[in-house]
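Peer 1: Using our numbering, you'd call the opening residue of the sequence shown number 7 and step up by one each time.
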Amino acid sequence: MRRLFGGDRRVWLGVLIVGVPCLGWCAYSVLRPRDYFTGTNSVIPTTTIAEIAPGHRACVPGLQFPAGTGRVRVAISTPNPAGAPTFLRADVAVDGARLVSHAQRTLPAQLVDFSIPRLGARPASVPGGLCLTNLSGAATLVGGYPGHGPGDALPRLDGRPLDARVAVWFAPPAGQRRSLVSLATDIFARAALFRPGFVGRWTYWLVVALLLPVLALASLRLLAGAGAGVSPRRIGLGGAIAAIAVLNALAWSLITPPWDAPDEQSHYAYTQYLAETGRTPHYELVHQRYSSLETAALEATRFDTYHLSPQGRPPWLVAEAHAARVRLQREAETLPRNNGGVLESGFYKPAYYALTLPAYYAGRDASVFDQLWLMRLVSVLLAAVTAACTYALVRELFPGSTVFATGAGLLVALQPMIGFMSGVVNNDAGIAAGGAALLYLLVRGLRRGLTARLGVAIGLVLALLPLLKSIGYALYLPAALAIGAMLWRQRGARARVARGGALVGAFAVGEVVWGLTALALGTSFFATPDNGAPGASGLGGQSPLSHPFGYLSYLWQVFLPRLPGMTSHGEGPGWAAYTVYVKRGWADFGWVATTFPDSVYVVIATVMFTVGGLGVVALWRERRAARARAVELAVLLLAVLAVVAAIHAAFYRGPSLFVAEAGREAFAAFAALAVVVVGACVALGRRRAPLLVGGLVTATAALSYASALLVLSANFS
Numbered sequence: 007m008r009r010l011f012g013g014d015r016r017v018w019l020g021v022l023i024v025g026v027p028c029l030g031w032c033a034y035s036v037l038r039p040r041d042y043f044t045g046t047n048s049v050i051p052t053t054t055i056a057e058i059a060p061g062h063r064a065c066v067p068g069l070q071f072p073a074g075t076g077r078v079r080v081a082i083s084t085p086n087p088a089g090a091p092t093f094l095r096a097d098v099a100v101d102g103a104r105l106v107s108h109a110q111r112t113l114p115a116q117l118v119d120f121s122i123p124r125l126g127a128r129p130a131s132v133p134g135g136l137c138l139t140n141l142s143g144a145a146t147l148v149g150g151y152p153g154h155g156p157g158d159a160l161p162r163l164d165g166r167p168l169d170a171r172v173a174v175w176f177a178p179p180a181g182q183r184r185s186l187v188s189l190a191t192d193i194f195a196r197a198a199l200f201r202p203g204f205v206g207r208w209t210y211w212l213v214v215a216l217l218l219p220v221l222a223l224a225s226l227r228l229l230a231g232a233g234a235g236v237s238p239r240r241i242g243l244g245g246a247i248a249a250i251a252v253l254n255a256l257a258w259s260l261i262t263p264p265w266d267a268p269d270e271q272s273h274y275a276y277t278q279y280l281a282e283t284g285r286t287p288h289y290e291l292v293h294q295r296y297s298s299l300e301t302a303a304l305e306a307t308r309f310d311t312y313h314l315s316p317q318g319r320p321p322w323l324v325a326e327a328h329a330a331r332v333r334l335q336r337e338a339e340t341l342p343r344n345n346g347g348v349l350e351s352g353f354y355k356p357a358y359y360a361l362t363l364p365a366y367y368a369g370r371d372a373s374v375f376d377q378l379w380l381m382r383l384v385s386v387l388l389a390a391v392t393a394a395c396t397y398a399l400v401r402e403l404f405p406g407s408t409v410f411a412t413g414a415g416l417l418v419a420l421q422p423m424i425g426f427m428s429g430v431v432n433n434d435a436g437i438a439a440g441g442a443a444l445l446y447l448l449v450r451g452l453r454r455g456l457t458a459r460l461g462v463a464i465g466l467v468l469a470l471l472p473l474l475k476s477i478g479y480a481l482y483l484p485a486a487l488a489i490g491a492m493l494w495r496q497r498g499a500r501a502r503v504a505r506g507g508a509l510v511g512a513f514a515v516g517e518v519v520w521g522l523t524a525l526a527l528g529t530s531f532f533a534t535p536d537n538g539a540p541g542a543s544g545l546g547g548q549s550p551l552s553h554p555f556g557y558l559s560y561l562w563q564v565f566l567p568r569l570p571g572m573t574s575h576g577e578g579p580g581w582a583a584y585t586v587y588v589k590r591g592w593a594d595f596g597w598v599a600t601t602f603p604d605s606v607y608v609v610i611a612t613v614m615f616t617v618g619g620l621g622v623v624a625l626w627r628e629r630r631a632a633r634a635r636a637v638e639l640a641v642l643l644l645a646v647l648a649v650v651a652a653i654h655a656a657f658y659r660g661p662s663l664f665v666a667e668a669g670r671e672a673f674a675a676f677a678a679l680a681v682v683v684v685g686a687c688v689a690l691g692r693r694r695a696p697l698l699v700g701g702l703v704t705a706t707a708a709l710s711y712a713s714a715l716l717v718l719s720a721n722f723s
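#1: I think D158 touches G45, with their Cβ atoms under 8 angstroms apart; what is that distance to the nearest whole Å?
#2: What residue range does the beta strand (DSSP E) around P72 cover?
#3: Compare the C-alpha of L728 against each of I489, L420, T457 and name the closest.
#4: May I ask you to report which of helix, strand or coil DSSP gives V608?
#5: So, P321 versus T307, is the Cβ gap smaller than 8 angstroms?
#6: Less than 6 angstroms between C-beta atoms, sequence neighbours within five positions excluded: which residues of the same chain meet that for V688?
#7: Would D169 be called buried (16 or more neighbouring beta carbons within 10 Å of its own) or exposed?
#8: Hey, quick one: how far does the beta strand (DSSP E) through S131 stretch, first residue to last?
#9: Let's test the definition: count the other Cβ atoms within 10 Å of the Cβ of A198 and tell me whether it reaches 16, buried, or not, exposed.
#10: Between the beta-carbon of V683 and the beta-carbon of L403, is there less than 8 angstroms?
#11: Below 8 angstroms on the Cβ atoms is my contact criterion, and I expect A180 with R77 to pass it. Report the Cβ-Cβ distance as a whole number of Å.
#12: Buried or exposed: where does P129 fall if 16 or more other Cβ atoms within 10 Å of its Cβ makes it buried?
#13: Hey, could you find the ends of the alpha helix (DSSP H) E57 is sitting in?
#14: Pull up the distance between the alpha-carbon of A611 and that of I23, whole angstroms please.
#15: Suppose you measure from the CA of G621 to the CA of Y359; what does that come to, to the nearest Å?
#16: Tell me which same chain residues have a C-beta within less than 7 angstroms of the C-beta of L141, skipping the five on either side of it?
#17: Please name the residue, chosen from G206, L334, G455, that lies closest to M492 on a Cα-to-Cα basis.
#18: Span of the beta strand (DSSP E) holding S83?
#19: Within 10 Å of its beta-carbon, does F194 have 16 or more other beta-carbons around it, so buried, or fewer, so exposed?
#20: So, at 8 angstroms on beta carbons, what are the nonlocal neighbours of L715 in its own chain, with the 5 sequence-adjacent residues on each side left out?
#21: In angstroms with no decimal places, state the Cα-to-Cα distance between G233 and G528.
#22: Mapping DSSP to helix, strand and coil, what is L163?
#23: Suppose the cutoff is 6 angstroms on Cβ atoms and the five residues either side in sequence are ignored; what does the same chain contact list for R285 look like?
#24: Report buried or exposed for V332, applying the criterion of at least 16 other Cβ atoms within 10 angstroms of its Cβ.
#25: What does the alpha-carbon distance come out to for the pair P567 and A583?
#26: In terms of alpha-carbon separation, which member of C65, A144, T191, G134 lies closest to L163?
#27: Whose C-beta lies closer than 7 angstroms to the C-beta of L639 among residues of the same chain, with five residues either side of it excluded?
#28: Apply the 10 Å Cβ neighbour rule to T146 and answer buried if 16 or more other Cβ atoms are within range, or exposed otherwise.
#29: Kindly list the residues whose CB is nearer than 7 angstroms to the CB of R450, restricted to its own chain and excluding five residues on each side of it in sequence; keep chain order.
#30: From the DSSP output, which residues share a beta bridge with W562?
#31: My assumption, with CB atoms under 8 angstroms, is that A599 sits in contact with W520. Please give the rounded CB distance.
#32: V236 to L226, Cα distance in whole Å?
#33: How many angstroms separate the CA atom of V400 from the CA atom of T412?
#34: List the endpoints of the continuous beta strand (DSSP E) containing R95.
#35: If I follow the unbroken beta strand (DSSP E) through S121, where does it start and stop?
#36: For chain C, is any of its Cβ atoms less than 8 angstroms away from the one on V174?
Set out below in structure tokens:
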């Protein structure tokens, strides 16, 4: 036990203070009985599919009723303004047996349950259908998703087929609840579908019950050891932090369902287009949105019909996954090798996608799901770069404080959204790694002086950043400040010219190489949505340079209430920053559809404000040390401000009530934010700082573990 919990006692005290309530919260969450589904047809109600007039009937054939089902749930509403009750009869045919259920519901749109006799535990599912007959004097609206997929049995309204899918859920008998622990076997079996061939139920027992808890404990032990001046042999603290980041992201690559991350299907399609044509795709639609094979894979997982709502679930049945694999294998041999148009990610440049090409080729003869997971591993490896560079940055800034550097690296390695996005195919993983690498190099140059080798590295990274993601341009501002300070501090005109020339030359070579590559790939030079100079326009359609006062008003209202005379932007007095940086920056998974209760985000926001206040106190308390590092701190602060300003400049659109920005866009400057967090821990004195660092790392590890449980339960229970 002494070896396991050795090291700095102050760290372990912080772990104890924060860890006990976090463990209690996690235990309560997994042991608390809750409502759950026995299954779903993976359709969410995005629109009205059918209007059932009094005396008329709508039927949904081709359903699979899972074992244990005691209720069938349908999205029902009525436009009747008088408030009269609506009476429906549900006729359910299950494996040849006819079951009848009645329901009485009133005006509001809602999910209506129809009780049926509970189905047995075997077989896993039985075929059946559902018919709804309107017995009342008011029309009834049924919700679902427009269009149908190959092989779908079409719903019918009075015998007439409808080109749609009706949203249906299956649940146990009313009042029956189960805990996540009791559902674990079912959840893990469902999560293993549509994965690489080696993945099974055992994989999730290993990840949830062993890997993630061991990673949390290893992180805390590493931090406590750093506080006592002990580091792992051979790989050192930086290597250990990189390994933790890789294993955490690897777990997320298996936890997140296929395609269920922002634009992952489009990022996969970008790599496919690049691999198959040797060209970059276009932002505008050219042929079809995705290749025929990817379209078939998206349909197999019912991606389009479930992913945008917390009520949505991917397919759960083994029979569905087996049929999909057989169909995809057959279609891989018969479908034409076309490549789609890739609407969403077409304006990005190919640096990140070039990294995924080896994985794409390695899985070319395997299933789409094997191939997708192999490509996810590229993001997994980039997580190591992000965490290790953050650790190295803080070591340069505070060379005698390994506990600060270790804490900063672990905060990045365990941050839930970084783990989530590093476990999927998305260029956010690339820009996070690139941004952390640049900030490390800049701080190293400011602390040790600019050398020719360091100048070459900085120049090449600067050329690469926008090719990973266009927000990389925002880091040119802090880079300019840092490079200017390096050259100013450089002694001797000849050395200044030589070392500055190495930096500029490396950047110029990178730009020339990219320009020639862009010509060969058929893409533009600038990495912006409209292919113009940075800042000329954004995704929102308005240029901040052309409308500076409008943009400043928009930026103000993201963080603060609207002042009198300002044009309304955003969501009003709720502050869009809470949505963007608290919810979407820390724990908003899937397609902005899987979230914690609001109370969790209130706690996160409280901690963020507290850390910000402690940061101000720490600057005053350590003003002498801060003055000695004034340029370095200014560069890191400017990096955060520039990235935040660029995020909102890209989405500036004039008056709007829709907030499209996501906090994960700030990953380019997350290493700088980690410096702010660990630096704030000095506010209570250097002797107490390890206690605060231990508490913050513990809270991050607990939130990361809870986030993994949230994603599994939200998708598979």
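All residues carry an ideal CB built from backbone N, CA and C; glycine is no exception.
Peer 2: Straight from the coordinates:
#1: With a Cβ gap of about 17 angstroms, D158 and G45 do not count as contacting.
#2: Segment 63-72, the beta strand (DSSP E) holding P72.
#3: An answer regarding residue 728 cannot be provided, because it is not within the stretch 7 to 723 covered by the chain.
#4: In this structure, V608 counts as helix in the three-state DSSP scheme.
#5: Taking 8 angstroms as the Cβ cut-off, P321 and T307 qualify as a contacting pair.
#6: Result list for V688: A624, E628, A695, in chain order.
#7: D169 comes out exposed.
#8: That run of the beta strand (DSSP E) goes 131-140.
#9: Buried is the call here.
#10: Against a cut-off of 8 angstroms, the Cβ pair of L403 and V683 comes out as no contact.
#11: Going by Cβ atoms, the distance from A180 to R77 rounds to 6 angstroms, so yes, they are a contact pair.
#12: P129 counts as exposed, since fewer than 16 other beta carbons sit within 10 angstroms of its beta carbon.
#13: Counted as a single uninterrupted DSSP element, the stretch harbouring E57 is not any alpha helix (DSSP H) but the beta strand (DSSP E) occupying residues 53-58.
#14: If I take the Cα positions, the gap works out to 19 angstroms.
#15: When rounded, the distance between both Cα atoms is 38 angstroms.
#16: Excluding sequence neighbours, L141 sits near F93, L94, R95.
#17: Of the candidates G206, L334, G455, G455 places its Cα closest to the Cα of M492.
#18: Bounds of the beta strand (DSSP E) holding S83 are 77-83.
#19: Buried, by the Cβ-count rule.
#20: Excluding five sequence positions before and after L715, the CB atoms of its chain that fall closer than 8 angstroms to its own CB belong to C32, S35, V36, L186, V214, given in chain order.
#21: Spanning the two alpha carbons is a distance of roughly 52 angstroms.
#22: It is a strand residue.
#23: Excluding its 5 nearest sequence neighbours in each direction, R285 has C-beta neighbours in its own chain below 6 angstroms: L527, G528, listed in chain order.
#24: Exposed is the label assigned to V332, since fewer than 16 other Cβ atoms lie within 10 Å of its Cβ.
#25: If I take the Cα positions, the gap works out to 11 angstroms.
#26: For L163, the nearest C-alpha among the options comes from C65.
#27: For L639, same chain residues with a beta-carbon under 7 angstroms away, outside a window of 5 residues either side, are A632 in chain order.
#28: T146 is classed as buried because its beta carbon has at least 16 other beta carbons within 10 Å across all chains shown.
#29: So the qualifying residues of the chain are E402, L460.
#30: Per DSSP, none; premise fails for W562.
#31: Between A599 and W520 a beta carbon distance of about 36 angstroms is seen, past the 8 angstroms cut, so the two are scored as non-contacting.
#32: Using only the alpha carbons, I get a separation of about 13 angstroms.
#33: Taking the straight line joining both Cα atoms gives about 8 angstroms.
#34: Note, R95: beta strand (DSSP E), 92-100.
#35: First-last of the beta strand (DSSP E) with S121: 116-121.
#36: No chain C is present in this structure, which holds just one protein chain.
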